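Under this note's numbering, the final residue of the sequence shown carries the number 340; numbering is consecutive throughout. Beta carbons: idealized from backbone N, C-alpha and C, even for Gly. Nothing here was measured: the structure is a model prediction, and the numbers come from that model.
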Amino acid sequence: MADNRAAILSGAKAAHTLHRDLGIREQIERGGGGRVDVFGAIAKLGATLMFQPLDKLLGAYLPGEELGVLITTKRPLPVQRFTGAHELGHLYMSHQPSLDDASILRRSPFSTAGRADRQEREADAFASIFLSPAWLIALTLQRHGWSARQLAEPEFVYQASLRLGTSYRATCYALERHKVISSAQCARLVDVEPKTIKQHFLAGYEPPDWRSDVWLLTQRDEGLLIEGGRNDLFVMKLRENSGAGYLWNFDQLRDAGFALVIDDREDASPDTIGGVLTRTVTARSEDRVEGEVTLQEARPWAADTPLHQLLLRYDLRGPESPGMWEPELKRVLQAA
Ligand SMILES: [Zn+2]
């Protein structure tokens, strides 16, 4: 048990050191939030990162002259990212070669049960801390204005998990570890099926594939890079000053290849006069797209400046497909 504690500490310490060495915290703070770029970190440490349709394994770390990390394409992006972080831990701590199956997802690095060996314990702790350090959780909660009380609700934890790029369950455990929620709250949250949470946001709409993620976007997502999958759904809840003639225009989203599947308006504050409504528009991406769109709240007949704008930046290419990691491949091709 003492040995286990030592493994957790050395894995966590390595994760903090690598954050510092790669300037990851400064970079994320400058952008006001976002995910830890785990694949970029693997490339920066000089390893070749390959994605392959592995069946039995989630990933592998292969040291030697041809330093390499292998990740399966058969799992969703949060699992690919966790696997990448685990293999990055092996790489950074100069471990022995490792072939990792799905047991890396089931092991809790912070429990004292189980019999994984020392280097696996270290890589597990490294991965958890590397992807969701306390400062990143604090930054994410602050940016979105989520309170600890709200994070006891599955809907908020799920939205936090999408911003952090960690699975719903992993996010529950990270919030517990950093004492944002209690152990009892965590136990209740991990029992909730993500599909139930998605249904809550979709108000009766049935997506073609329930594995798609459902992002609730508000003005607090202005400029933040939305990193998701090719069929993800965006539920945009925006205040609309329709009493003064201002309307949000979603044409640009349609032009960028999104299908608008729901468009609803409801009274934001029925007690007050002034015609402020909450406009809820749900859009579905239909391709592996990346880019940005600026939505505007403007008076359709007037040429004056918009009342509000919302810049949405998105990269919906996940999960990673077979082959060399795309940015690295581009770099190699340019150098050739
Ligand atoms: Zn391992």
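Item	Value
Between the CA atoms of Glu330 and Thr282 - distance to the nearest angstrom	39 Å
Simplified DSSP state of Leu66, which is helix, strand or coil	strand
Any non-hydrogen atom of ligand 1 within 7 Å of Ile75 CB	no
Candidates Ser98, Glu126, His99, Met97: closest to Arg111 by CA position	Glu126
Residue burial classification, Gln84 (beta-carbon count within 10 angstroms, cutoff 16)	buried
Cβ separation of Leu229 and Arg321, assumed to be a contact under 8 Å, to the nearest whole Å	Wrong, their Cβ atoms sit about 12 Å apart, outside the cutoff.
Ala45 vs Leu81 beta-carbon contact at 8 Å	no
For Trp139, the three-state DSSP class (helix, strand or coil)	helix
Proximal residues to Leu61 (C-beta, below 6 Å), its chain only, five neighbours per side dropped	Leu103, Asp105
Residue of Leu206, Glu296, Gly38, Asp291 minimising C-alpha distance to Ala135	For the record, residue 135 in the displayed sequence is Leu; it is not Ala. When each option's Cα is compared against that of Leu135, the closest is Gly38.
Asn245, DSSP secondary structure in three states	strand
First through last residue of the alpha helix (DSSP H) which encompasses Tyr162	158-168
Closer than 7 Å: Ser102 CB and nearest ligand 1 heavy atom	yes
Nearest-angstrom Cβ-Cβ length linking Ile108 and Asp128, presumed shorter than 8 Å	6 Å
Glu124 Cβ short of 7 Å to ligand 1 heavy atom set	yes
Of the listed residues Asn235, Gln189, Leu221, Arg224, nearest to Glu210 (C-alpha basis)	Asn235
Within 8 Å, strictly: CB atoms of Ala263 and Arg288	yes
Limits of the beta strand (DSSP E) - the one that Gln313 falls within	312-322
8 Å Cβ cutoff met for Val42 and Gly88	yes
Simplified DSSP state of Val239, which is helix, strand or coil	strand
Reference Tyr175, options Phe86, Ile32, Ala340, Lys48, closest by Cα	At residue 175 the sequence reads Thr, which differs from the Tyr that was named. Of the candidates Phe86, Ile32, Ala340, Lys48, the one whose C-alpha sits nearest the C-alpha of Thr175 is Phe86.
Element boundaries [alpha helix (DSSP H), containing Ala178]	172-181
Terminal residues of the alpha helix (DSSP H) in which Arg9 lies	6-26
Closest by C-alpha distance to Tyr2, when choosing among Ala156, Gly36, Gln100, Tyr172	Because the chain spans 5 through 340 in this model, residue 2 falls outside it and cannot be assessed.
Contact set for Phe160: own chain, Cβ-Cβ below 7 Å, skip 5 residues either direction	Trp150, Gln154
Beta carbon of Leu221 nearer than 8 Å to that of Leu257	no
Selection from Gly36, Glu294, Gly27, Gln31 that minimises the alpha carbon distance to Thr144	Gly36
At least 3 beta-carbon pairs within less than 8 Å: the stretch 238-256 vs the stretch 197-204	no
Among Trp305, Arg215, Gln100, Leu193, nearest to Ala248 - alpha-carbon criterion	Trp305
Where Asp195 falls: helix, strand or coil (DSSP)	coil
beta-carbon His182 near ligand 1 non-hydrogen atom, thresh 7 Å	no
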